[in-house]
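S.K.: Can you read through this structure? Questions will come right after.
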Amino acid sequence: MSARVESAWAIRRMRPRDIDDVLAIETTAYGYPWSERIFRDCLRVGYRAWVIGCPGLTVAGYMLATIAAGEAHVLNLCIDDCARGQRLGEQLLDTLVAQARSEQADTILLEVRPSNTSARRLYARYGFVHQGTRPNYYPGDPKREDALLLAYTVPA
1 MSARVESAWA
11 IRRMRPRDID
21 DVLAIETTAY
31 GYPWSERIFR
41 DCLRVGYRAW
51 VIGCPGLTVA
61 GYMLATIAAG
71 EAHVLNLCID
81 DCARGQRLGE
91 QLLDTLVAQA
101 RSEQADTILL
111 EVRPSNTSAR
121 RLYARYGFVH
131 QGTRPNYYPG
141 DPKREDALLL
151 AYTVPA
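Here it is in C-alpha cells:
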C-alpha cells in the first residue's frame, strides 16, 4: 500500500505557472516570505527549481537551489502544512543530490533558522552536519535570527 501512496507524488521542474501555488505555501509557512518577483527571477536566471505534487493538490512543496563550482546550495525548501510528514522534503533532497552528482558537485550547503525545528530534523535525518553559524542572518521581530550553516557530502 505504501508504494501506491509514494508513487502518487511526482517531482518536476518548477514552471512560471506554478508560482501562485508556491507563493500560497511560502506565505503561509514563513513570517518573511519570498516575493513573487524573487521566484520569477530565480526561474529566469536558471536556478534549479522543482515542485512536488499529487492529484488533487497542485503543488505540495518546492525547492530552489544553485549548483556551481563543485557545490550545491539549497536556497528554499518548503512543504505545505497539509502534506508534511510524508517525506516529501527527503524526496526533493534526493532530486537535488542526483542533480548535484550529475554536475560533479560534492557538497550541498544550506542555512536554516535554529527555531525551524521541523526543517532541522529533516536535514539531520538526511545527513546534513553543522558547519558554522551566520550571525543575524534572518530578519526577525523584534530582532534578527542567526542561521545554522549545514553541509551534506554527496555520495560518489
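Each residue of the sequence shown is one higher than the one before, counting from 1 in UniProt numbering. For every residue, glycine included, the Cβ atom is placed at its ideal position computed from N, Cα and C. Small disclaimer: the values here were computed from a predicted structure and weren't measured.
Is the stretch 127 to 135 touching the stretch 19 to 26, taking contact as three or more C-beta pairs under 8 Å?
M.R.: No: fewer than three Cβ pairs fall under 8 Å.
S.K.: Would you check if the stretch 78 to 91 and the stretch 103 to 116 touch, i.e. whether three or more CB-CB distances between them fall below 8 Å?
M.R.: No: fewer than three Cβ pairs fall under 8 Å.
S.K.: Are there 16 or more other CB atoms within 10 angstroms of the CB of A49, so buried, or fewer, so exposed?
M.R.: With 16 or more other Cβ atoms within 10 Å, it is buried.
S.K.: Mind checking who V97 pairs with in its DSSP beta bridge?
M.R.: DSSP output for V97 lists no bridge partner at all.
S.K.: Which residues in the same chain have their Cβ closer than 7 Å to the Cβ of W34, if we skip the five residues on either side of it in sequence?
M.R.: Here the set comprises E26, N76.
S.K.: Could you tell me the alpha carbon to alpha carbon distance between V45 and I67, rounded to whole angstroms?
M.R.: Cα to Cα, V45 sits roughly 12 Å from I67.
S.K.: Three-state secondary structure (DSSP) at A8?
M.R.: The answer is helix: DSSP assigns A8 an H, G or I state.
S.K.: Note down, in chain order, each residue of its chain lying with its Cβ closer than 8 Å to the Cβ of Y47, except the 5 sequence neighbours on either side.
M.R.: Excluding positions up to five away in sequence, the list reads L64, A65, T66, L75.
S.K.: With respect to the alpha helix (DSSP H) encompassing E103, which residues constitute its N-terminal and C-terminal limits?
M.R.: It is not in any alpha helix (DSSP H) - E103 carries neither H nor E in the DSSP assignment.
S.K.: Going by beta-carbon coordinates alone, are residue 165 and Y62 separated by less than 8 Å?
M.R.: It is not possible to answer for residue 165, since the shown part of the chain is limited to 1 through 156.
S.K.: With H, G and I counted as helix, E and B as strand and the rest as coil, what does DSSP make of R125?
M.R.: Helix.
S.K.: Take E36 and list the residues in its own chain whose beta-carbon comes closer than 8 Å to its own, dropping the five residues that flank it on each side.
M.R.: I19, L23, listed in sequence order.
S.K.: Classify S2 as buried or exposed, calling it buried when 16 or more other Cβ atoms lie within 10 Å of its own Cβ.
M.R.: A caution first: S2 carries a pLDDT of 35, below 50, which makes its placement in the model unreliable, though a value can still be read off. When all chains shown are included, S2 counts as exposed.
S.K.: Quick check on the burial criterion: 16 or more other C-beta atoms within 10 angstroms. Buried or exposed for D141?
M.R.: Burial call: exposed.
S.K.: In three-state DSSP terms, what is G89?
M.R.: Here G89 sits in helix by DSSP.
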